[in-house]
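>
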Amino acid sequence: MQRGFDIAVIGGGVVGLAILRRFAMSGLSCVLLERGADILSGASKGNSGLLHTGFDAPAGSLELACIRAGYAEYIDIRGRLNLPLVKSSALVVAWSEEERTKLAGIVAKAHANGVEDVRPVESDELRRLEPRLSPAAKAAVLVPGEHIIDPWSAPLAYAHQALAHGAVILRDAEVTGGEFAQGAWRLASKAGPVSARAVINAAGNFGDLVEAIARPPPFTITPRRGQFVVFDKPASQLVTAIILPVPSDRTKGVVLFRTAYGNLAIGPTAEDVPEREVAATDTATLERLKARALEMAPSLSGIGVSAIYAGLRPATEHKDYVIEALPGRSWITVGGIRSTGLTASLGIARHVAGLYASHFGALPSQPDPIWTPVPNLTEERPRPYMQGGEIACHCERVTRGEIERALEGPLPAGDLGGLRRRTRAMMGRCQGFSCSAHVEKLFREKTRGAA
Amino acid sequence: MEQRDVVIIGGGPAGLSAARRLSELGIAATVLEREQQAGGAPRHCGHLGFGWESHRRIWTGPRFAERLRTDSANLDLRTGHTVLGIDGNVLRVLNQRGISEMAAGKIILATGTRETPRSARLVGGSRPRGVMTTGALQAHVYLQNFKPFERPVIIGSEWVSFSAILTCRHIGVRPVAMIEAKDRISAPRPGGLLARLIYGVPVWTGTRLIAIDGRTGVEAVEIERHGRHARIACDGVIFTGEWAPEAALLVNRPKVTLAGNVHGDLKTSGACWREGRAIAEQVARGQA
Ligand SMILES: Cc1cc2nc3c(=O)[nH]c(=O)nc-3n(C[C@H](O)[C@H](O)[C@H](O)COP(=O)(O)OP(=O)(O)OC[C@H]3O[C@@H](n4cnc5c(N)ncnc54)[C@H](O)[C@@H]3O)c2cc1C
Ligand SMILES: Cc1cc2nc3c(=O)[nH]c(=O)nc-3n(C[C@H](O)[C@H](O)[C@H](O)COP(=O)(O)OP(=O)(O)OC[C@H]3O[C@@H](n4cnc5c(N)ncnc54)[C@H](O)[C@@H]3O)c2cc1C
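Protein chains in written order, with this note's numbering: chain S, 36 to 486; chain X, 73 to 360.
(1) Is E475/S buried or exposed, if buried means 16 or more other CB atoms sit within 10 Å of its CB?
(2) Judging by CA-CA distance, which residue of A237/S, Y109/S, R221/S and L451/S is the nearest neighbour of I367/S?
(3) With a threshold of 6 angstroms on Cβ separation, who are the neighbours of R435/S within its own chain once the five nearest residues in sequence on each side are excluded?
(4) If you draw a straight line from the C-alpha of C465/S to the C-alpha of G289/X, how long is it?
(5) Taking 7 angstroms as the threshold (beta carbon to beta carbon), is P114/X in contact with chain S?
(6) Taking a contact to mean a Cβ-Cβ separation below 7 angstroms, would you say V203/X touches E222/X in this structure?
(7) Using beta carbons (cut-off 7 angstroms, strictly below), is L442/S in contact with chain X?
(8) Against chain S, which members of the region 179 to 204 of chain X pass a CB distance test of less than 8 angstroms?
(9) I need the straight-line Cα distance from R348/S to D267/S, nearest angstrom please.
(10) Pull up the distance between the alpha-carbon of A316/X and that of I338/S, whole angstroms please.
(11) Tell me whether the beta-carbon of Y171/S lies closer than 7 angstroms to the beta-carbon of W130/S.
(12) Which class does T102/X belong to by DSSP, given the choice of helix, strand or coil?
(13) Name the DSSP beta bridge partners of R300/X, please?
(14) Alpha carbon to alpha carbon, how far is V274/S from A332/S?
(15) If F218/X sits next to A43/S, beta carbons under 8 angstroms apart, how far is it from one beta carbon to the other, in whole angstroms?
(16) If we call anything under 7 angstroms between Cβ atoms a contact, is F478/S one with L454/S?
(17) Short of 7 angstroms in beta carbon distance, which residues of its chain neighbour K254/X, apart from the five on each side in sequence? Order them along the chain.
(18) Tell me, to the nearest whole angstrom, how far the beta carbon of S61/S is from that of R232/S; I am working on the premise that it is less than 8 angstroms.
(19) Measuring only the C-alpha atoms, how far is E296/X from A247/S?
(20) Hey, would you say the C-beta of T378/S is under 6 angstroms away from at least one heavy atom of ligand 1?
(21) Are the C-beta atoms of T318/S and some chain X residue less than 7 angstroms apart?
(22) Please report whether the beta-carbon of G207/X lies at a distance below 7 angstroms from any beta-carbon of chain S.
(23) In the structure shown, what three-state DSSP assignment does T318/S receive?
(24) Spatial neighbours of A485/S within its chain, please: CB distance less than 7 angstroms, with the 5 preceding and 5 following residues excluded, ordered by chain position.
(25) So, do the region 78 to 98 of chain S and the region 213 to 230 of chain S have three or more beta carbon pairs nearer to each other than 8 angstroms?
(26) Under 7 angstroms between beta-carbons, which chain X residues line up against F468/S? List them in chain order, please.
(27) Taking only beta-carbon atoms, is H212/X less than 7 angstroms away from chain S?
(28) Closer than 6 angstroms: is that where the CB of R246/X sits relative to any heavy atom of ligand 1?
(29) Any heavy atom of ligand 1 closer than 6 angstroms to the Cβ of I45/S?
(30) Any Cβ of chain S within less than 7 angstroms of the Cβ of R246/X?
(31) Within the 7 angstroms Cβ cut-off, does R139/X reach chain S?
(32) Buried or exposed: where does K327/X fall if 16 or more other Cβ atoms within 10 Å of its Cβ makes it buried?
(33) With DSSP collapsed to three states, give me the class of E306/S.
(34) State yes or no: is the beta carbon of V340/S nearer than 7 angstroms to at least one beta carbon in chain X?
(35) Check for me: the beta strand (DSSP E) holding E353/X runs from which residue to which?
(36) Would you report the Cα separation of T183/X and V165/X, rounded to the nearest angstrom?
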């Protein structure tokens, strides 16, 4: 890479991509370096896909501000990017008398956080809202604004919009070091050296390691793993709202929620793990999750499991996000975006752009945005198969054309995982029993080689 | 809306034999098959063992499937047609041109069965490449000529598990072991002996798969055997059997007649072929 850039973003998770988009749309020349073979190789590939209101976020935190700003911008731009919004609402359900006593506090906190439509729901109304929920549910708090989105298409759309505004995305480009001299960074990466006037560290679970390039890291990442069990599509008929637990001091508890793709899932657990990269599941935990889902919605019994997965939250010893500019080093740290980054990413990007403007120079005037709608993967909007075509993955109704298109264009899938996340091929109940060989063939044809 | 007397969903051995028998009995049937080619599961079973009940020959699966297609030459067989849903006697059908509805006097469901994948078995660990079911392995090997691994472990010891061994042998792959949670193998008697003696694959009964390990590809599996944990190096995992009927179309409990493996457990292709004929005769007599 010969060219020098204004901005280099390290990390192609949802946060890095939203930041890349913001700066590229402001007219700066930007590059993003991602360690993995494709974007979304880290925390952003395995989350719950919920759009949070911030009703339960720590009062006065930067996290709350970014969630609120991110939520508003997502609602504003999603139509132009063809991104879904499954308006589910959420219910914080009390399963015991003790939990019931905590509901009023949850409502008060939500109101203090500026989420004013949050209100208590007594057992009769709860029955009416969620007739299939176990009668053990005592009462709840209704959060009308909590919604379900597609965790993969959103960051993909941000990436495409950044590309349309001239940004460069380098994959298989792990940043291994860097030097700051004469007001510019020269980063060493697996894809060669890259020069930039300012660097943004959005390396997720590797954030502290990358931070060491600029300074002794002010935080340590301890990845917090979350495991999930996903039930087959008929299960999504059983509940409407996102069923949240009443948080206790011991644990945040697990959530029962529909996915944007028409499944029902339960998770995530919260387990501190030493591993930064591979999000593994374990059978005992999966069995517990499954059993808990059946307790919450007894009519789930008999509905099969289609998928299991886990994600790693970039957690630090700090409660809030660690976002700060190092004026002397032309560096902005965006660390510890633990459990709300999908929602907050657009808000974080705005905040980071503000930090940049106040420390490193005004942003050029913004050209008219170019909108880059992404293929829709959810039943909430029309899907390509509805127009007809050859189906390659039957369980998820993915057309051959969708797979071929995901392997072309400015940001083709970098590996089979990336192809899955762009199309949902092989993610259904049969997990590739009928289609995996065919999909693999399409992948090899386009990428001309063994994957 | 298009109206048909009999619609058969699924163009495998059961569906195709039912259609052919109906046509012999003077009843026009339409077969809707979602793949681009009819024939069902035998299309990817490249080893011998097909055709005896129906044609008194012993063929490979693809040869048998080809013969079934020839036998269906004059039937109303529509490939690339996926049935999305059934509501009463109306089918929602997807093809190249879009989604349309079709009314059927009688519906025969012959959508077959599939193996339970790793996820539904709640097997933990990481998610490397090289984890698949026998059906997927066969499609890799016989339809695409891919060699997904060199030293896999095979999970399960049903009849189909031996099909997995045969498929491996076809591409020169030597499985590390066949692992069975129960104390004895599930396939009929000589199976275990066969695996050991003829194919050189050790069979470990009373052994549970705990987790799969590996970053990009499989590196090992963790197993529990007689209460002890062990790590077995391997580069693939084949989940065999534990059949789950392809019954998504039954959610609204439509009135349909089932034929072939969609009933549940795996039967031979010949048994499914015979069952398709029997169902056709019942339909013709107005008994199904
Ligand atoms: C189980 C779970 C459930 C969640 N549920 C929700 C939810 O419902 N709603 C919500 O809003 N949020 C949710 N989140 C939070 C959200 O997923 C995270 O906050 C977000 O993904 C963090 O994004 P990131 O870009 O900071 O990190 P990442 O996605 O980890 O991105 C960092 C990227 O940097 C790359 N990288 C690392 N080191 C280097 C290097 N040296 N050079 C180049 N690249 C490098 C990594 O490969 C990675 O792709 C959840 C998270 C988890 C784990
Ligand atoms: C790995 C493996 C090895 C085997 N080895 C042998 C062997 O050695 N000898 C032997 O005799 N048998 C063997 N069998 C069994 C044999 O293949 C089956 O018994 C036989 O194929 C069952 O026939 P079927 O018609 O019931 O189902 P299938 O052959 O599974 O056919 C079902 C058809 O329905 C279609 N379909 C499904 N859903 C829809 C929908 N919604 N709309 C339209 N079409 C749909 C499918 O695409 C498929 O073509 C093996 C099976 C497998 C999987």
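From the three backbone atoms N, C-alpha and C, an ideal C-beta is built for every residue, glycine too.
On the basis of the data shown:
(1) Along the first sequence, one-based indexing puts residue 475/S at 440. With 16 or more other Cβ atoms within 10 Å, it is buried.
(2) As a first step, residue 367/S is located in the first sequence; it is residue number 332 there, counting from the start. When each option's Cα is compared against that of I367/S, the closest is A237/S.
(3) Taking the first sequence and counting its residues from 1, one reaches residue 435/S at position 400. So the qualifying residues of the chain are E425 and A427.
(4) On the first sequence, residue 465/S is found 430 positions in, with the first residue counted as 1. On the second sequence, residue 289/X is found 217 positions in, with the first residue counted as 1. Rounded to the nearest angstrom, the two C-alpha atoms are 20 angstroms apart.
(5) Residue 114/X sits at position 42 when you count from the first residue of the second sequence. So, not an interface residue.
(6) Here the question's residue 203/X lines up with position 131 in the second sequence. Here the question's residue 222/X lines up with position 150 in the second sequence. It is not a contact, given that the beta carbons lie outside the stated cut-off.
(7) For the purposes of this step, residue 442/S is taken as the residue at position 407 of the first sequence. With 7 angstroms as the cut-off, L442/S does not count as an interface residue toward chain X.
(8) R186, E187, P189, R190, S191, A192, L194, V195, G196, G197, S198, R199, R201 and M204
(9) Residue 348/S sits at position 313 when you count from the first residue of the first sequence. Residue 267/S sits at position 232 when you count from the first residue of the first sequence. Between R348/S and D267/S, the C-alpha separation is close to 25 angstroms.
(10) Taking the first residue of the second sequence as position 1, residue 316/X is located at position 244. Taking the first residue of the first sequence as position 1, residue 338/S is located at position 303. Taking the straight line joining both Cα atoms gives about 12 angstroms.
(11) Against the first sequence, residue 171/S aligns to sequence position 136. Against the first sequence, residue 130/S aligns to sequence position 95. Here residue 171/S is Ala; the residue named in the question, Tyr, does not match the sequence. Yes.
(12) Mapped onto the second sequence, residue 102/X falls at position 30. Looking at T102/X - three-state DSSP - the assignment turns out to be strand.
(13) Here residue 300/X refers to the residue found at position 228 when the second sequence is read from its first residue. For R300/X, which the question treats as bridged, DSSP gives the partners R297/X.
(14) Locating residue 274/S in the first sequence gives position 239, counting from the first residue. Locating residue 332/S in the first sequence gives position 297, counting from the first residue. Each residue's alpha carbon lies about 8 angstroms from the other.
(15) As a first step, residue 218/X must be located in the second sequence, where it is residue number 146. As a first step, residue 43/S must be located in the first sequence, where it is residue number 8. F218/X to A43/S, Cβ: 39 angstroms. No contact.
(16) By one-based count along the first sequence, residue 478/S stands at place 443. By one-based count along the first sequence, residue 454/S stands at place 419. The answer is yes: Cβ separation under 7 angstroms.
(17) For the purposes of this step, residue 254/X is taken as residue 182 along the second sequence, with counting starting at 1. Result list for K254/X: T277, in chain order.
(18) As a position in the first sequence, residue 61/S is number 26, starting the count at 1. As a position in the first sequence, residue 232/S is number 197, starting the count at 1. No, S61/S and R232/S are not in contact; Cβ-Cβ is about 14 angstroms, not under 8 angstroms.
(19) As a position in the second sequence, residue 296/X is number 224, starting the count at 1. As a position in the first sequence, residue 247/S is number 212, starting the count at 1. When rounded, the distance between both Cα atoms is 42 angstroms.
(20) As a first step, residue 378/S must be located in the first sequence, where it is residue number 343. Under cutoff, so the answer is yes.
(21) For this step, residue 318/S is matched to residue 283 along the first sequence. True, the Cβ-Cβ gap to chain X drops below 7 angstroms.
(22) For the purposes of this step, residue 207/X is identified with residue 135 of the second sequence, where counting begins at 1. Closer than 7 angstroms to some Cβ of chain S, the Cβ of G207/X qualifies, so yes.
(23) Numbered from 1 along the first sequence, position 283 holds the residue referred to as residue 318/S. Correct three-state label for T318/S: helix.
(24) Here the question's residue 485/S lines up with position 450 in the first sequence. Bear in mind that a pLDDT of 45 at A485/S, under 50, signals an unreliable position, so the number given afterwards is only what the model happens to contain. Result list for A485/S: R479, in chain order.
(25) no
(26) Along the first sequence, read from residue 1 onward, the residue named residue 468/S stands at position 433. Chain X residues near F468/S: R186, E187, P189, T205, G207 and A208.
(27) For the purposes of this step, residue 212/X is identified with residue 140 of the second sequence, where counting begins at 1. Yes, its Cβ sits closer than 7 angstroms to a Cβ of chain S.
(28) Looking up residue 246/X in the second sequence gives position 174. Checking the Cβ of R246/X against ligand 1 gives no.
(29) Reading the first sequence from its first residue, position 10 is the one you call residue 45/S. Within the cutoff, so yes.
(30) Counting from one through the second sequence, the residue named residue 246/X turns up at place 174. Closer than 7 angstroms: no.
(31) The sequence position of residue 139/X within the second sequence is 67, counting from 1. No, its Cβ sits nowhere closer than 7 angstroms to a Cβ of chain S.
(32) Translated into positions along the second sequence, residue 327/X becomes position 255. It counts as exposed.
(33) For this step, residue 306/S is matched to residue 271 along the first sequence. Reduced to three states, the DSSP call for E306/S is strand.
(34) One-based indexing of the first sequence puts residue 340/S at position 305. Yes, V340/S counts as interfacial toward chain X.
(35) Here residue 353/X refers to the residue found at position 281 of the second sequence. Unbroken run through E353/X is the alpha helix (DSSP H), S341 to A356; no beta strand (DSSP E).
(36) Numbered from 1 along the second sequence, position 111 holds the residue referred to as residue 183/X. Numbered from 1 along the second sequence, position 93 holds the residue referred to as residue 165/X. C-alpha separation (whole angstroms): 14 angstroms.
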